[in-house]
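Input: a single structure, listed below in structure tokens.
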Amino acid sequence: MIMPHFWPMFWKEFIQMRRDRLSLAIMTALPVAQLLLFGYAIQTDVRHLPTVVFDESRTPESRDLIAAFENTGNFRLIGSVNGMPGLDQAIARGDAQAGIVVPYDYPRRLARGETATVQVIVDAADPLSSQSAIGAAAGVAQVRNLEILGRAARRAGVPIEARVRPRYNPGLRSPNYIVPGLVGVILTLTMVLITAMAIVRERERGTLEQLIVTPITKTELMLGKIAPYIGVGIVQMTAVLFVGRFVFDVPLTGNVLLLYLVALLFVVASLGYGLVISTLVRTQQQAIQLAFMFVLPNILLSGFMFPRQAMPTVFQWVGLALPLTYFLKVLRGILLKGVGIDALWREIAVLAGFAALLIVVAVRRFHKTLD
Amino acid sequence: MSEAPSPRAPAIETRDLTRRFGGLVAVDDLTLRIERGEVFGLLGPNGSGKTTTIRMLCGLLEPSEGWATIDGINVAGAPEQVKTRIGYMSQRFGLYEDLTVSENLTFYAGIYGLSGARRATRLDAVVDFLGLEGRLGQLVGQLSGGWKQRVALACALLHQPPVLFLDEPTAGVDPAARRNFWSAIHDLARRGTTVLVTTHYMDEAERCGRIAMMSGGRLIALGTPAEVAAQVGGGGKTLEDAFIILQERNE
């Protein structure tokens, strides 16, 4: 029989996993917390920015303009003020994050065909929320300009229109972007954290000494230890995809079976990283610290939250050493774009390479001695 | 010294066995020859090198110098072959406390490659030998020290090893349980198992066929308990007297 000691090891790990409350808590609470955090709390498309208005002209034209701002959905009017100091104060206190100032000469300049200005003041301390306000303000002005210029030129339509078609995520919804990535992040977090403690826990409890005087081989020991968690990873992924589909309306466009096959490779690669960590440390505490040090770049550099194209070259390289970077491409490719192996074979090959390499490194680094 | 077991070789043999940890010499030039079926005691205070010696004999630590053989097989040369021929109880309890007695036994049976009818026979045999019937469903973590030692011995005996290493097996175990444990050890020896046991207790040393006294990593006396006591010179000396005198002389 090939690897005769694998099954006893697998069975033992499985029983221990079932009885270990800490591991069970990590495996169930982490995905739930992450889903809630990233799915609900973290929304990158900022809408309904609280806004104060200082309308100096008080005319139908100015009210019309302010209504146009409100209609974009980016600005939520919370009140009007009677001067710049009032507006500044509202923004400084944080009551408002935007202010719209319509000068008294707005309707007159508009009527004369001169450039009429409207000021939009934005609290840019938070760039993400100010960005959408700035874009919306420019949009309001542009729509107005086209109307007025079109009338003046007596044209039926505008000369050029760029018709943007946002493919794969037409609503530009952030859950569509975040939830597939979350599958990868949750798997990385739990798989690496749990296996990082795998060997070192046996060392600390004194059970490793008894285990390594037996004829079990290093490979059987390592594979038997991680095998039960492959199942855990698949269950976690299923749960996140399920919630993503039915709670956050994330589409499952492509071949889900292919996704699960690639996920297997990714899970083994992550478990391999955890095992390598386990061979580097002497205590469980060190293992947890090292695991978190590994997880952080995964969240920041893999393209989960921030686009990799925007990163300095060095950090793009670091990202290439993380299995999650490749798995994210596969996740988004299959779930959102519906593409198959022909588009993703490079990423799949790299993941397979990672899985094999990391297991080999972990087995090589582990010695059946106490030195 | 080879990588194949030899029927005429002693059960355990060491030559100039030495282990250093940095500047500390834990075991210094140890030469021993232990025949099959012996109950051999390794005595000495804490830090005298007993545990390091056993760990080298089991392949858990590599010797800095010298060599050791089990049934004629070089431990450093073929550690995996040696591992099928030895049973080991570590000083610190090494079974899984979150598994039941029966789960630990089944696990170690699998790890020692037992399957099918042979596995069932061996499990029955060790459970019967150590009287574990009533404890099988209990979590090992909930057992008393004496019962834990019995389960550990059961796991170490599943594959019927010709050589058994017991590192302070009765530390923290009550006297009645110690007596039971030792009668089990003598049963095994009568059936041909070679037992190497370390201990602090002089009454246990008296039960060994031969003993070696270690101090500061060196062998300071070797022989039957009576011979070791006599080596100190003069009759009427007990093994305990001998132990203290030898140790003081060595310091």
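Protein sequence lines correspond, in order, to chains B and R.
Sequential numbering of the first sequence, starting at 104, is according to the numbering used here.
Sequential numbering of the second sequence, starting at 117, is according to the numbering used here.
Glycine residues also receive a C-beta, built at the ideal position from the N, C-alpha and C atoms.
Should residue i and residue j be called a contact, given that it needs their Cβ atoms to be closer than 9 Å?
{"i": "L370 of chain R", "j": "I128 of chain R", "result": "Residue 370 of chain R is absent from the model: chain R starts at 117 and stops at 367."}
{"i": "E312 of chain B", "j": "G210 of chain R", "result": "yes"}
{"i": "L434 of chain B", "j": "G334 of chain B", "result": "no"}
{"i": "T291 of chain B", "j": "P134 of chain B", "result": "no"}
{"i": "S282 of chain R", "j": "V313 of chain R", "result": "The displayed chain sequence assigns Leu, not Ser, to residue 282 of chain R. Contact: yes."}
{"i": "E181 of chain R", "j": "L133 of chain R", "result": "yes"}
{"i": "I186 of chain R", "j": "V311 of chain R", "result": "no"}
{"i": "T354 of chain R", "j": "A346 of chain R", "result": "no"}
{"i": "T286 of chain R", "j": "T315 of chain R", "result": "yes"}
{"i": "L177 of chain R", "j": "R208 of chain R", "result": "no"}
{"i": "W298 of chain R", "j": "E284 of chain R", "result": "no"}
{"i": "V155 of chain R", "j": "C324 of chain R", "result": "yes"}
{"i": "G229 of chain R", "j": "T200 of chain R", "result": "yes"}
{"i": "I297 of chain B", "j": "I118 of chain B", "result": "no"}
{"i": "I380 of chain B", "j": "L393 of chain B", "result": "yes"}
{"i": "G247 of chain R", "j": "R235 of chain R", "result": "no"}
{"i": "A465 of chain B", "j": "V384 of chain B", "result": "no"}
{"i": "I224 of chain B", "j": "G202 of chain B", "result": "yes"}
{"i": "S231 of chain R", "j": "P354 of chain B", "result": "no"}
{"i": "R247 of chain B", "j": "A342 of chain B", "result": "no"}
{"i": "G287 of chain B", "j": "F395 of chain B", "result": "no"}
{"i": "G188 of chain R", "j": "A125 of chain R", "result": "yes"}
{"i": "Q254 of chain R", "j": "A293 of chain R", "result": "no"}
{"i": "A342 of chain R", "j": "L158 of chain R", "result": "no"}
{"i": "L215 of chain R", "j": "V243 of chain R", "result": "no"}
{"i": "P121 of chain R", "j": "Q197 of chain R", "result": "yes"}
Which residues in the same chain as residue i place their Cβ atom closer than 7 Å to its Cβ, once the five residues preceding and following it in sequence are excluded?
{"i": "M120 of chain B", "result": "S126 and P331"}
{"i": "A372 of chain B", "result": "P426, L454, F457, A458 and L461"}
{"i": "R131 of chain R", "result": "T147, G182 and W183"}
{"i": "N177 of chain B", "result": "R150, L152, S235, A236 and A239"}
{"i": "N358 of chain B", "result": "I437 and G443"}
{"i": "D158 of chain B", "result": "S165, I169, S183 and V205"}
{"i": "L361 of chain B", "result": "I437, G443 and I444"}
{"i": "V346 of chain B", "result": "L138"}
{"i": "D290 of chain R", "result": "G262"}
{"i": "Q419 of chain B", "result": "R411"}
Just to confirm my understanding: we take residue i, look at its own chain, exclude 5 residues before and 5 after, and list those with CB closer than 8 Å. What are they?
{"i": "P195 of chain R", "result": "G175"}
{"i": "I337 of chain B", "result": "Y363, A366, L367 and V370"}
{"i": "T472 of chain B", "result": "I315"}
{"i": "P269 of chain B", "result": "L275"}
{"i": "R251 of chain R", "result": "V217, L259, W263 and V267"}
Look up residue i in the DSSP assignment and say whether it is helix, strand or coil.
{"i": "P153 of chain B", "result": "strand"}
{"i": "F156 of chain R", "result": "strand"}
{"i": "Y317 of chain R", "result": "coil"}
{"i": "N272 of chain B", "result": "coil"}
{"i": "E77 of chain R", "result": "Since the first residue shown for chain R is 117 and the last is 367, residue 77 of chain R is missing from the structure and cannot be characterised."}
{"i": "V311 of chain R", "result": "strand"}
{"i": "Q363 of chain R", "result": "helix"}
{"i": "L77 of chain B", "result": "Only positions 104 to 474 of chain B appear in the structure, and residue 77 of chain B is not among them; the question remains open."}
{"i": "E453 of chain B", "result": "Here the sequence assigns Val to residue 453 of chain B, which means Glu is not the residue at that position. If DSSP states are grouped into helix, strand and coil, V453 of chain B belongs with the helices."}
{"i": "Y204 of chain R", "result": "strand"}
{"i": "T168 of chain R", "result": "helix"}
{"i": "F113 of chain B", "result": "helix"}
{"i": "V359 of chain B", "result": "helix"}
{"i": "T185 of chain R", "result": "strand"}
{"i": "R334 of chain R", "result": "strand"}
{"i": "V221 of chain B", "result": "coil"}
{"i": "L282 of chain R", "result": "strand"}
{"i": "T216 of chain R", "result": "strand"}
{"i": "N279 of chain B", "result": "helix"}
{"i": "M396 of chain B", "result": "helix"}
Leaving out five residues on either side along the sequence, give the residues of the same chain with a beta carbon under 6 Å from the beta carbon of residue i.
{"i": "Q363 of chain R", "result": "S331"}
{"i": "D145 of chain R", "result": "D132 and T134"}
{"i": "L344 of chain B", "result": "none"}
Where the region 446–473 of chain B meets chain R: residues whose CB sits under 8 Å from a CB there: Of all residues in the region 446–473 of chain B, K471, T472 and L473 have a Cβ within less than 8 Å of some Cβ in chain R.
Length at least 4, wholly inside the region 220–275 of chain R: the alpha helix (DSSP H) runs in chain order: Along the length of the region 220–275 of chain R, whole alpha helix (DSSP H) runs at least 4 residues long occupy 232–245 and 261–273, reported in chain order.
In chain order, each beta strand (DSSP E) run of at least 3 residues that lies wholly inside the region 124–153 of chain R: With a minimum length of 3 residues, the unbroken runs of beta strand (DSSP E) contained wholly in the region 124–153 of chain R fall at 128–137 and 140–150.
Every unbroken alpha helix (DSSP H) inside the region 284–354 of chain B [4 residues or more]: Qualifying alpha helix (DSSP H) stretches, in chain order: 301–308, 310–314 and 321–349.
Proximal residues, the region 159–175 of chain R versus chain B, C-beta separation under 9 Å: Of all residues in the region 159–175 of chain R, only R171, C174 and G175 place a beta-carbon less than 9 Å from a beta-carbon of chain B.
Proximal residues, the region 298–314 of chain R versus chain B, C-beta separation under 7 Å: Residues of the region 298–314 of chain R whose Cβ lies closer than 7 Å to any Cβ of chain B: none.
Residues of the region 124–144 of chain R with Cβ closer than 8 Å to any Cβ of chain B, in chain order: Flagged: no residues at all.
Secondary structure, alpha helix (DSSP H): runs of 4+ residues fully inside the region 117–187 of chain B: Listed in chain order, the complete alpha helix (DSSP H) runs (minimum 4 residues) inside the region 117–187 of chain B are 124–139 and 163–174.
Contacting positions in the region 321–341 of chain B - beta carbon closer than 7 Å to chain R: If the cut-off is 7 Å between Cβ atoms, the region 321–341 of chain B has nothing near chain R.
Within 9 Å of chain B by C-beta, residues of the region 222–234 of chain R in sequence order: Going along the region 222–234 of chain R in chain order, one finds T222, F223, Y224, A225, G226, I227, Y228, G229 and S231 with a Cβ nearer than 9 Å to chain B.
Short-range partners of chain B found in the region 206–222 of chain R, where Cβ spacing is below 8 Å: Within the region 206–222 of chain R, the qualifying residues are S206, R208, F209, G210, L211, Y212, E213, D214, L215, E219 and T222.
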